[in-house]
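Beneath this line is the structure, given in structure tokens, with notes to follow.
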Amino acid sequence: MFYNWTQGLVTATEPYNLLIIVIGSSLGIMAGAVPGVSGTMALALAVPVTYAMDPTTAILLLVAIYASSVYAGSVSGILFRTPGAPEGVAATVDGHEMTKQGRAGEALGVDIFSSVSGGIFGTLMLALIAPQLAKVALEFGPSEYFAISVLGLSVVSSFGTQSELKALISVLMGLFIATIGIDRISGFNRFTFGTTTLLGGVSFVPAIIGLFAVAEVLNRIREMKGMEGIRARAKAKLPSLKVINQLKGLLLRSSLIGTFIGILPGVGATTAAFVSYSEAVRWSKHPEKFGTGIPEGVAAPEAANNSACGGAMVPLLTLGIPGSAGTAIMLGAFLIHGLKPGPLLFMQQSKLVYSIFVGMLLANLSIIILAKLFIRYFSKVIELPYNILGPGIIIFCVVGSFAIRNNFGDIWIMILFAIIGFFMERYGYPLAPIILGIVLGPIAEENLRQAMIISGNNPMVLLSSPLSATLIILSAVSLFSPQLRKLWARRRSARETS
Amino acid sequence: MVGELIMSLFIFVASCYLYYEATQLKVFRAYKEVGPDFWPKIILICLIALSAALTVSHVINWRKSHGQVREREEGWKRVLIAVLLAVGYVYFLKPLGFIVASPLFILGMMLLILPERKKIIPVTILGIMVMIYIIFSKLLFVPLPKGFGIFHDISIFLGL
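Same order as they appear, the protein sequences are chains A and B. For the first sequence, my numbering assigns the number 475 to the initial residue and increments by one for each residue that follows. For the second sequence, my numbering assigns the number 1091 to the initial residue and increments by one for each residue that follows.
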């Protein structure tokens, strides 16, 4: 254990890796703060940049972007009531009120401190829980892996969509897309329509770039909102020891809530922020003050959403199951670099795993320095009109897609997915389930078919082990929970009226 | 409303067609039950059922509103132009190369998004080109498309 930590520390603090973490954190902060450029988009754009890097450095870059982008989502929300990312919405309520009262520096300082402490807490919990869970996961066979991937897929109904039916259609589309190309078991072509471009399947990176980055640019072009950029001046002021002392209980509770919610697949940082905010109101001696501009209203959601990042890495690293769009992109990056997240990763790549832990800690610590510096120059970036940002993003996406294999077919795939993503978002189909489907599809299919072949085509094999049976029942509950909740609420209201 | 109906109907029709394609897949006799068509067929049956349910619910909602719902759609023309610009850019990227096709695309997009801000166009084009060149060509050693014929010569001349 101590040896692993030392190895991780030595690797992550190599000058080049340290530089990459700082660059990643800066990019993450920038992407999280600028409205219209989310952390997920930044991750998607960064994947092609990592091709030339060694796997550890590549993953450290992505981890740093992931950890820091969640923090920055609230910066523009506090300053201009325009959150850069959904995770920052909860902190906007009190944060922007503080800005209106001339306390922007104080709000930004509390934001930084809470985010960093939440992020560090979440990472330490990740380091504590993940290795233990990985040991248990070593016992899993095809049935268990199939059940786990089904559990991962079943959370789509809680992916922040208004229609569960549309979320299910999205995940099924992702699962279907994952079947395109040569079948890994039989070697036969599937749905390639005679093209060689599709033989290797739909390239993951062009697909995510198209869905998340270019589709968003098209959406912004359609709406033409915030095209001129935003003007502002602000300076962050870290909280005093007295304020920290007042907030310590709240920070600990919010970080715990955030880590727990983060571990649950599909329930990410945004939910963590809102749950933590409402819990802070419930536990407060002065609940009426929330919403009027108090530091607690910024600290609670920010500590929770940053600790949720560490939590979300638990299922990714131990089981290879991503629980959010961001971690799904990271899973794709792992696979591109020849790494397979799961229990064996802890045995075969312990240096990498512990480098990730240290990298996440360093990324969180770097937020303190970078954020203060960044906020000073932030106004310059968000003053950029979208006619500079939009074309820049598209060119970056085109070159990034081309860079994978020097193949023009990948650019066409990216464009196709951008159009698909644009229409899906326009008509209320969430995009994250598609990515979840593309990533988990091959795991689910391979393990299901393996389990069936081993058992002589007996589907009951999936329920033969207590763990896989439990997981499949949990998946069914998770899938139908929104309908069950509605039914329950309807019955209760009918009983009350009668 | 109409757009949503068309979208769900499109998914339904596409799923039916893909299911037909799945029935045409080659299957090993040894793995007949769990061949390459096994998993896609499960997915497509679910997709057909769900998209049919969604289409029916859209039709019912549309009927309830007596076909009165009219969406005020704005910006479609801009999106269409942006998509055409992107498609044209990708199409001409191969023959013209990065150094010629990219400035034309950026110019088109900038005029589309904020046509009144013309002064910043040359600086933006130069900035984006230099940034992409440094990141991909110099730092990551990714060869950018050079184009054919004279465009290839221009790319070589400019050090791409």
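Just so it is clear, CB atoms sit at the ideal spot from N, CA and C, and this is done for glycine as well.
Handout entry: Cross-strand partners of A:I656 (DSSP beta bridge)
Key = A:N663
Handout entry: Own chain partners of A:G864 with C-beta closer than 8 Å, once the 5 adjacent residues on each side are dropped
Key = V691, R694, I695
Problem - Local conformation of A:P796 per DSSP, three classes - result: coil
Exercise for the section: Grab me the residues of A:L905's own chain with a C-beta within less than 8 Å of its C-beta, minus the 5 sequence neighbours each way, in chain order. Expected result: S644, L685, F686, A689, A799, G895, M898, E899
Problem - Endpoints, alpha helix (DSSP H) assigned at A:L493 - result: 489-507
Practice task
Tell me, to the nearest whole angstrom, how far the beta carbon of A:S637 is from that of A:I887; I am working on the premise that it is less than 8 Å.
Solution key: Not really, about 27 Å apart at Cβ, beyond 8 Å.
Exercise for the section: Compare the C-beta of B:W1152 with all C-beta atoms of chain A and state if any pair is closer than 8 Å. Expected result: no
Practice task
With a threshold of 16 other CB atoms inside 10 Å of the CB of A:I830, please say whether the residue is buried or exposed.
Solution key: buried
Exercise for the section: Confirm, please, whether the CB-CB distance from B:H1148 to B:M1200 is below 8 Å. Expected result: no
Problem - Nearest residue (CA-CA) to B:I1225, options A:T766, A:G874, A:S939 - result: A:G874
Practice task
Take B:K1236 as the anchor and find which of B:T1113, B:K1116, B:L1229, B:S1192 has the nearest alpha-carbon.
Solution key: B:S1192
Exercise for the section: Could you tell me whether any Cβ in chain A is nearer than 8 Å to the Cβ of B:V1173? Expected result: yes
Practice task
Tell me whether the beta-carbon of A:K526 lies closer than 8 Å to the beta-carbon of A:G498.
Solution key: According to the sequence provided, residue 526 of chain A is Ala. The question's Lys does not apply to it. No.
Handout entry: C-beta atoms of B:L1229 and B:F1188 nearer than 8 Å
Key = no
Practice task
Can you tell me which of A:V549, A:L922, A:P775 puts its alpha carbon nearest to the alpha carbon of A:N932?
Solution key: A:L922
Problem - Cβ neighbour criterion (16 or more within 10 Å) applied to B:G1125 - result: buried
Exercise for the section: Mind listing the chain A neighbours of B:T1145? Cutoff is C-beta to C-beta under 7 Å, in chain order. Expected result: Those within 7 Å of B:T1145 in chain A number zero; the least Cβ separation is about 11 Å.
Exercise for the section: Determine the closest residue to B:I1196 out of B:P1185, B:V1180, B:K1184, with distance taken between C-alpha atoms. Expected result: B:V1180
Problem - Per-residue DSSP class, three states only, for A:H760 - result: coil
Exercise for the section: Pick out whichever of A:F882, A:S750, A:A773, A:G816 has its Cα sitting closest to the Cα of A:Q720. Expected result: A:A773
Exercise for the section: Thinking A:F665 and B:E1111 are a contact (beta carbons under 8 Å), I'd like their distance in whole angstroms, please. Expected result: 6 Å
Exercise for the section: For my contact list, A:I586 and A:I841 are in at a C-beta cut-off of 8 Å; report their separation, rounded to the angstrom. Expected result: 6 Å
Exercise for the section: Following the continuous alpha helix (DSSP H) through B:I1210, name the residue where it begins and the one where it ends. Expected result: First-last for B:I1210: undefined, no H or E at that position.
Handout entry: Inter-residue Cα distance where the pair is B:I1135 and B:T1145
Key = 15 Å
Problem - Members of the region 1167-1198 of chain B that neighbour chain A once the beta carbon cut-off is set at 8 Å - result: R1168, V1169, A1172, V1173, A1176, V1177, Y1179, V1180, L1183, K1184, F1188, S1192, F1195, I1196
Practice task
Out of A:G866, A:P557, A:E697, point me to the one whose CA is closest to B:I1222's CA.
Solution key: A:G866
Practice task
Consider the Cβ of B:L1216: report whether some Cβ of chain C lies at a distance smaller than 8 Å.
Solution key: Protein chains in the displayed structure are A and B, and chain C is not among them.
Exercise for the section: Go through the region 840-909 of chain A residue by residue and report every complete run of the alpha helix (DSSP H) that reaches 4 residues or more, in order. Expected result: 860-879, 882-900
Problem - From A:V827, A:D528, A:G502, residue whose alpha carbon lies closest to that of A:N838 - result: A:G502
Problem - Residue-chain proximity (B:C1136, chain A), Cβ-Cβ < 8 Å - result: yes
Handout entry: Cutoff 8 Å: B:K1116 Cβ touching any chain A Cβ
Key = yes
Handout entry: Member of B:L1140, B:I1218, B:K1184, B:F1231 whose CA lies at the smallest distance from the CA of B:F1241
Key = B:K1184
Handout entry: chain A residues whose Cβ lies nearer than 7 Å to that of B:V1149
Key = Per Cβ cutoff of 7 Å: no residues; B:V1149 is ~14 Å from chain A at best.
Handout entry: Backbone secondary structure at B:I1125 - three-state DSSP
Key = Strictly speaking, residue 1125 of chain B in this sequence is Gly, with Ile absent from that position. In the structure shown, B:G1125 sits in coil (DSSP, three-state: anything other than H, G, I, E or B).
Problem - N- and C-terminal bounds of the alpha helix (DSSP H) containing A:H811 - result: Looking at the DSSP string, A:H811 is not in any alpha helix (DSSP H), and its letter there is neither H nor E.
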